[in-house]
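Take a look at the structure set out below.
In my numbering, the protein residues as written are 1215 to 1352.
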């Protein structure tokens, strides 16, 4: 079993808040992340797939194909967007890094696993250089 990883990057804005809470409670719980005018991040995304190397090519999967899948199913939907307002797969979901990471995994699982013998292992999403979430499915 081999694991290969592709790194991609996108920029997006979001706001952490709950409609049913007061502005004061949102500020208390989420701090600056509750800014009514949004805030943004330069996200780094790491997508890891696993499987067996095909001896004819020496690849598990052509990384150019993985790049195309990530760009089509994730980057084009998120880059320079407002996660709360513009991203269909995040509608009605708190735009935390954790839940965004799960959403990205769910976007990628089927198209990646359409390749015979290739499985989505994990998605790791860095919101900042110090903060990240990683999801393995489940």
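C-beta: ideal position from N, C-alpha, C; glycine also.
Do residue 1257 and residue 1303 have their C-beta atoms within less than 9 Å of each other? As a working note, residue 1257 is residue 43 in the chain shown. As a working note, residue 1303 is residue 89 in the chain shown. Their beta carbons are not under 9 Å apart, which means residue 1257 does not touch residue 1303 by this criterion.
| request: Quick one: give me the first and last residue of the alpha helix (DSSP H) that residue 1281 is part of. | output: Looking up residue 1281 in the chain shown gives position 67. 1277-1284 is the span of the alpha helix (DSSP H), which, as asked, contains residue 1281.
Would you give the residue range spanned by the alpha helix (DSSP H) that residue 1313 belongs to? Taking the chain shown and counting its residues from 1, one reaches residue 1313 at position 99. Per DSSP, residue 1313 belongs to the alpha helix (DSSP H) from 1311-1327.
Under the three-state DSSP convention, the category residue 1288 falls into = Within the chain shown, numbered from 1, the residue matching residue 1288 stands at position 74. The answer is helix: DSSP assigns residue 1288 an H, G or I state.
- Item | Exposed unless 16 or more other CB atoms sit within 10 angstroms - verdict on residue 1277 | As a position in the chain shown, residue 1277 is number 63, starting the count at 1. Exposed, by the Cβ-count rule.
Quiz item: Going by the beta-carbon positions, is the gap between residue 1296 and residue 1217 smaller than 9 Å?
Solution: On the chain shown, position 82 is the one that residue 1296 refers to. On the chain shown, position 3 is the one that residue 1217 refers to. Cβ distance not < 9 Å, so residue 1296 and residue 1217 don't count as in contact.
Taking buried to mean at least 16 other C-beta atoms within 10 Å of its own C-beta, is residue 1318 buried or exposed? Position 104 of the chain shown holds residue 1318. Looking at its Cβ environment, which holds 16 or more other Cβ atoms inside 10 Å, residue 1318 is buried.
Practice prompt. Leaving out five residues on either side along the sequence, give the residues of the same chain with a beta carbon under 7 Å from the beta carbon of residue 1316.
Written response: The count along the chain shown starts at 1 and reaches residue 1316 at position 102. Excluding sequence neighbours, residue 1316 sits near 1349.
>> Per DSSP, what are the beta-bridge partners of residue 1266 in this structure?
In response: Locating residue 1266 in the chain shown gives position 52, where the first residue counts as 1. Partner(s): none; residue 1266 has no beta bridge.
Practice task
For residue 1220, I'd like the list of residues in its chain whose CB is within less than 7 Å of its CB, leaving aside the five on either flank, ordered along the chain.
Solution key: In the chain shown, counting from the first residue as 1, residue 1220 sits at position 6. The residues are 1261, 1277, 1280, 1281, 1284.
key: Residue burial classification, residue 1248 (beta-carbon count within 10 angstroms, cutoff 16)   = Taking the first residue of the chain shown as 1, we reach residue 1248 at position 34. Residue environment for residue 1248: buried (at least 16 other C-beta atoms within 10 angstroms of its C-beta).
Problem set entry | Extent of the continuous alpha helix (DSSP H) to which residue 1297 belongs | The count along the chain shown starts at 1 and reaches residue 1297 at position 83. First-last of the alpha helix (DSSP H) with residue 1297: 1297-1300.
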